[in-house]
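Chemist: Just so you know, the protein sequences line up as chains A and B, in that order.
Residues 1 to 548 in our numbering are what the first sequence spells out, letter by letter.
Residues 1001 to 1693 in our numbering are what the second sequence spells out, letter by letter.
C-beta atoms are modelled at their ideal positions from N, C-alpha and C, and glycine is treated no differently.
Note that this is a predicted model, so its numbers are computed, not measured.
Below are the structure tokens for one structure; questions will follow.
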Amino acid sequence: MSDTLSGLLTIGVLVVALVVVHVPLGNWMAKVFTDERHWRPERVFYRLSRVDASSEQGWRSYSVAVLAFSAVSIVVLFLLIALQGVLPLARGAAMHLDTALNTAVSFVTNTNWQSYAGESGVSPVVQTLGLTVQNFVSAAVGLSVAVALVRGLARSGGATIGNFWVDLVRSVVRVLLPIAVVGAVLLLLGGVISNLAEPTTITTVSGGQQVIQGGLVASQEAIKELGTNGGGYFNANSAHPFENPNALTNLLEIFLILVIPFSLPRTYGVLVGDRRQGFAVAGLMAALWGIMLTVITWSEVHSAAGPLGSLEGKEVRFGPWASSLFAASTTGTSTGAVNSLHESYSALGGGGALFSMLLGEISPGGVGTGLYGALLIAILTVFISGLMVGRTPEILGKSIGRREITLTALALLVMPALVLVFTGIGLVLPNVRAQMLASGPHGLTEVMYAYASASNNNGSAFAGFSADAPYTNLTLALCMLLGRFVTIALVLALAGSLVAQRRRPATSGTLPTHSPTFVGLLVGISLVVSGLTFFPALALGPLAEALA
Amino acid sequence: MTQTTDRPAAPTPGSSTATLLRQMLATLPQAFVKLDPRHVWRSPVVFVVWVGSLLTTVFAVVSPSWFAWLITIWLWATVVFANLAEAVAEGRGKAQAATLRATRTDTIAHRRGAGGVVEEVSAADLTIGDLVVVHPGEVIPGDGDVVEGMATVDESAITGESAPVIRESGGDRCAVTGGTTVLSDGIVVKVTTRPGESFIDRMIALVEGAARQKTPNEIALTILLTTLTIIFLLAVMALQPLAIYSGSAQTPIVLIALLVCLIPTTIGALLSAIGIAGMDRLVQRNVLAMSGRAVEAAGDVSTLLLDKTGTITFGNRRATQLLAAPDLGTEEITRVAYLSSLADETPEGRSIVELAALTLTDGERAELDEKTEQGCEFVAFTAQTRMSGVDLASGLAVRKGASDSVLRWVRDNGGQVPQGVLTDVDAIATSGGTPLVVASHEPGRTARALGVVHLKDVVKPGMKERFAQLRAMGIKTVMITGDNPLTARSIAAEAGVDDYLAEATPEDKMALIKKEQEGGRLVAMTGDGTNDAPALAQSDVGVAMNTGTSAAKEAANMVDLDSDPTKLIDIVSIGKQLLITRGALTTFSIANDIAKYFAIIPAMFVVLFPGLDALNIMGLSTPTSAILSAVIFNALIIIALIPLSLRGVRYRPSSSTALLRRNILLYGVGGIIAPFIGIKLIDLLVSHLPGMM
């Protein structure tokens, strides 16, 4: 079978699987977040943590809960990492404090940027009690915030947007855990390892010594992809044969990455009582994902002279097609897991991966973050196009006035501001320049990629850039924190502002937000806004490199 | 609708390009005055250009070059053009204000004090509650209500309508406006406003733009434009370290040029002109909006309450059909109906004469007219008899009137009423019309019922089409009438309104507005009476007729000087046009940036990365001319779009998706393509300038 055919077939199978699964999963999540009843294990948790699960929160108290929960998570994880040397199962050297802080922030913000080497940097205790827990709850936080925003749109003239603790617990218990269990079993069957064996030391063909680590990989792998986390058990991430042994597990991992983000539009459609709204958002996500996938794949397949395309930095068992598919999916979802080295991609391929993040993680975006990011773009689009049909702009009968557009604009401003400012500063600092592997446009892309990855809570890297130094560890942590929580606070404030409004009935003068014209406009606006913001920087990085 | 938006703004000044150019030249000095930072500050986008211009001026002085000075000049031109747009828009109102102000000069008022003593005071000294006597030929010194007497008043000073109107105490025609002139008789007016706050004062402030406050959507748009400006500011500021890293640091002038080209200067410059021009378009249609907020709300209206009488129908019932009694031809009823109505000066009576005259020959009419001239006695309509007619000298008596009265008259005079007549009467009543029975009584015979006249409220021509357009715009129309539900339903069906409120009391009207608003709809209505005032205040867009009472005008947020209730439909269009113009120019402004990037970015870095010349798809001649061309285009496009921002984007009622598609094509796609052509053309000229090598 030719490479092209197998590549297209892989994509075809993936798309069909997503189309089939998104309906039941989307409906299920809609039910999860509207269910009146609590499951027994949930009730136990509420009783232990003394949460009143029957009450609802306004946007302020919801935000405080999210921020407090995340702050505590960061402190606990930081302490776990900092003290891993005195905890059981300690391994090797302790982390620097700046690396530890970076890591703690990284996992709590669902970024999973790893300034350390996966298998040797943290002990199994930290992996299990710290990182894996965060893999679940950080994804659950994203899901909760998205659902809160959807409630803001769906409810008419209310004051509350849900109960964060209930949303958090249900996200974990009813959505993430069950799918992760199934995913882990399937990955195990596919050949992903899961053991508690001692490291094996072998002699390589060339006579060197190699230590091969084992671990509970399959279970971590499933939630790593499903929660759009991306932090690998091994430093090589999904390029490592123990994490991702073959084409089937590769496809399964990509499926796990995309399945919740692509199902959430359905949930949204069901919750607002108009499934067409969900199709429109899914249309935006799919169009952007398709465009970026095409750019990256085309570039990777055509960049090298050989028949297999560019193979540098890629696993032979995946090749350019499956690597590009993974790259487009992981950068479009704020996952950041990789099965190939993005730094080694062609100028346009790597630039495509970068731009995929710079779109603001909406193609289809992370768990929850993708949906609220896409809804922010929808509100921006509604504002401009609503004026063009001669009405005060409104989405689902909620008008987009001064307060709503301020919150939306600020939420959309956070990420570009962080990326531009920190890339600019980084490139003139001698110490940062010393950390770069490449010089010229490629070096520029390395630094920009790092800050884009952190600010978008993606976590993938142009790994030539050695980020494990105090300045970059701290600034990247700052980008992760602000990129995540400033946006979340603004989104929740927006939810509060929307929920208080009554839904105005749609008339033929109302701009429909589900028509193909509107979806086209959504895609156009998201491309134009990101394009205009980053064009100068991209011109000096990937574009200059590609056109050289 | 079409007549509003497609009507060329012919009678207004500045419709042709030549007059507009003259206006621009005339207001140019003001545009320079507006360079004052305290003024520029009000538009954040223009303010950034202003600061940029100032900085480039400094850099151009420090290290002069042709390029630096050319950029500096065009950046300042950008600010001046932005000011010019606003100044031209304001200038249009100023001329109008000057005319109004002339009416306000020192009026002498005859104030009637306690005990009836009349003293002469200046109009400026009047306070609320003062009673002033106004004689024929005098100017009414202030806004108020007539409390005594009746007069004809010339209101042309404010309405432009030369026909005098009648103002009388009591009722809904008691309000008078300061600055208008009493023509005949005399009245006593109770002053209702303080000097300086009168209707004319507010009108002057309004047309001058002095009282202009930013409207909610305008504020929201300004926030978005400011955010975009911040993003581009960051993008340009971050570019310098990137350029330094790449080994090609840029001069501040080039960076400022890039920034000014990227931030949404086009919409930023035209935004306030669009708002002023929108108000101006209303004023041109003789509508005064008390706030810009109301104009914007008009675009959002989803329920329109229209009074039946005068708005949907002509206001008078008209005869539409003559139904002869069984066994009689139409000839006799036609003749008798004509005869009985000759002296009837009511609109209904005249309409019967007109209808009958259609079928009668000239000879027959002359013969009938002659009969009355031979001596006769007209029987006038009274509330007791409820019929009218004529007793001829020959002894023939004819009557027409309410069916029960006339039928009783027939029976009293020994006549029989045929069953067919009764059936016709019922049928007409059921259809919502008014049946009038026509009867005659010849001497020596019994009286006979000859047939029935069908009186109908006639719907104005073209209303059905207008309501269909409104429906297409997503606006529900509700007809308000005092008629019984039967009549109301039939007229509603004929006019094509979506709903009706029959036997409406002011309380019903209020309840209807509240119900619609609770459903999230914005309601617009017109009214003139004092009892309309609460509903006018409650509605989102309340338009008071100028003929109405002060209370109604006070409660409304717009006043229609022509007192034409159908104008509500025009007002909605103007509100929409205002928003569309803003949206379209915002889209255009952002779409323009794509071409500017393709002009400037290769120009900045082509020396460093020759490959970037591939992005110079316009084939601009040199880096300096490319940058200058983009800056010049950015400035000139403001001038080019001033006429559009003053006129407003054309609005045709259609579905929102069709409207969106059209405007995206025109202003989005057009906005992407236009600058590629414009910048290329400018480059062809500019590349010959010195310093462009």
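(1) Please tell me whether S526 of chain A and I362 of chain A are closer than 8 Å, where the distance is taken between their beta carbons.
(2) Could you compute how far the alpha carbon of Q57 of chain A sits from the alpha carbon of L396 of chain A?
(3) Please confirm if the segment 497-517 of chain A is in contact with the segment 422-431 of chain A, defined as three or more CB-CB distances below 8 Å between the two stretches.
(4) Below 8 Å on the Cβ atoms is my contact criterion, and I expect L1225 of chain B with I1267 of chain B to pass it. Report the Cβ-Cβ distance as a whole number of Å.
(5) Output needed for E545 of chain A: all residues of its chain with C-beta closer than 8 Å, excluding positions within five of it in sequence on either side, in chain order.
(6) So what's S1198 of chain B in DSSP terms, helix, strand or just coil?
(7) Of all Cβ atoms in chain E, is any one closer than 8 Å to the Cβ of A548 of chain A?
(8) Report back the beta-carbon spacing between A1239 of chain B and P536 of chain A to the nearest angstrom; my notes put them in contact at under 8 Å.
(9) Should L543 of chain A be counted as a contact of the ligand ZN given a C-beta to heavy atom distance under 7 Å?
(10) Could one say the Cβ of E1296 of chain B lies closer than 8 Å to chain A's Cβ atoms, at least one of them?
(11) Whole angstroms are fine: how far does the CA of R1661 of chain B sit from the CA of L532 of chain A?
(12) So is G208 of chain A buried or exposed if we call it buried at 16+ other beta carbons inside 10 Å?
(13) Can a CB atom of chain B be found closer than 8 Å to the CB of M388 of chain A?
(14) Could you name the residues of chain A that L1579 of chain B contacts, counting a contact when the two beta carbons are closer than 7 Å?
(15) Here's a check: name, in chain order, each residue in its chain whose Cβ is nearer than 7 Å to the Cβ of L14 of chain A, leaving out the five neighbours to either side.
(16) Which residues in the same chain as A1087 of chain B place their Cβ atom closer than 6 Å to its Cβ, once the five residues preceding and following it in sequence are excluded?
(17) Note down, in chain order, each residue of its chain lying with its Cβ closer than 6 Å to the Cβ of L8 of chain A, except the 5 sequence neighbours on either side.
(18) Grouping DSSP H, G and I as helix and E and B as strand, with all else coil, what is I1682 of chain B?
(19) Can the beta-carbon of E315 of chain A be found less than 8 Å from the beta-carbon of A218 of chain A?
(20) Give the C-beta separation of L1536 of chain B and A1556 of chain B to the nearest angstrom, bearing in mind that I take them to be a contact with Cβ-Cβ under 8 Å.
(21) For S1248 of chain B, which three-state DSSP category applies?
(22) May I have the straight-line CA-CA distance separating V971 of chain B from G1363 of chain B, to the nearest angstrom?
(23) Compile a chain-ordered list of the residues in the segment 1608-1621 of chain B whose CB is closer than 9 Å to at least one CB of chain A.
(24) Would you call P24 of chain A buried or exposed, if buried means 16 or more other Cβ atoms sit within 10 Å of its Cβ?
(25) V23 of chain A versus chain B: which residues are under 8 Å apart at the beta carbon?
(26) When burial is assigned at 16 or more other CB atoms within 10 Å of the CB, is P1690 of chain B buried or exposed?
(27) So with CB distances below 8 Å, who are the chain A contacts of T1227 of chain B?
(28) What number of angstroms, rounded off, separates the C-alpha of F1067 of chain B from the C-alpha of I1073 of chain B?
(29) Quick one: does S49 of chain A have its CB under 8 Å from some CB of chain B?
(30) Taking the beta strand (DSSP E) that I291 of chain A belongs to, which residues open and close that run?
(31) Taking 8 Å as the limit between beta carbons, can you name the residues of its chain near L1183 of chain B, skipping five residues before and five after?
(32) Name, please, each residue of chain B whose Cβ falls closer than 9 Å to the Cβ of I425 of chain A.
(33) What residues from chain B crowd round T507 of chain A, counting only those whose CB sits closer than 7 Å?
(34) Between G426 of chain A and the rest of its own chain, which residues show a CB-CB distance below 6 Å, the 5 nearest in sequence each way excluded?
(35) Can you name the start and end residues of the beta strand (DSSP E) that G1178 of chain B belongs to?
(36) In three-state terms, what does DSSP make of G1014 of chain B?
Modeler: In short:
(1) Contact annotation: S526 of chain A and I362 of chain A have beta-carbon atoms nearer than 8 Å.
(2) C-alpha separation (whole angstroms): 22 Å.
(3) no
(4) 6 Å
(5) Result list for E545 of chain A: A347, G351, G440, P441, H442 and T445, in chain order.
(6) coil
(7) No chain E appears in the structure shown, which is made up of the protein chains A and B.
(8) Contrary to the premise, residue 1239 of chain B reads as Leu rather than Ala in this sequence. Right, their Cβ atoms sit about 5 Å apart.
(9) Summarising the ligand content, the structure contains no ligands, and the ligand ZN is consequently not present.
(10) yes
(11) 23 Å
(12) exposed
(13) yes
(14) Near L1579 of chain B (Cβ distances below 7 Å), the residues of chain A are L387, G390 and R391.
(15) L251, I254 and F255
(16) Excluding the 5 residues flanking it on each side, A1087 of chain B has same chain C-beta neighbours closer than 6 Å at T1027, Q1030 and A1031, in chain order.
(17) none
(18) helix
(19) no
(20) Sure, about 5 Å apart at Cβ, within 8 Å.
(21) coil
(22) Here chain B comprises residues numbered 1001 to 1693, so residue 971 of chain B is not present and cannot be evaluated.
(23) L1608, F1609, P1610, G1611, L1612, D1613, A1614 and L1615
(24) With a 10 Å radius around the Cβ and a threshold of 16 neighbouring Cβ atoms, P24 of chain A comes out exposed.
(25) By Cβ distance, chain B contributes nothing, its closest Cβ being about 27 Å from V23 of chain A, past 8 Å.
(26) exposed
(27) A409, L410, L412 and L413
(28) 10 Å
(29) no
(30) Careful: I291 of chain A lies outside any beta strand (DSSP E), inside the alpha helix (DSSP H) at R275 to S303.
(31) Apart from the 5 residues on each side of it in sequence, L1183 of chain B sits with its Cβ closer than 8 Å to the Cβ of P1136, G1137, A1151, T1152, V1153, D1154 and P1164 in its chain, given in chain order.
(32) A1238 and P1241
(33) S1302 and G1474
(34) In chain order, V432 and V447 place their CB closer than 6 Å to the CB of G426 of chain A, counting only its own chain and leaving out the 5 sequence neighbours on each side.
(35) Unbroken run through G1178 of chain B: none, as it is neither H nor E.
(36) Because the pLDDT of G1014 of chain B is 42, which lies under 50, any placement of that residue in the model is unreliable, and the number read from its coordinates should be weighed accordingly. In the three-state reduction of the DSSP assignment, G1014 of chain B falls in the coil class, being assigned neither a helical nor a strand state.
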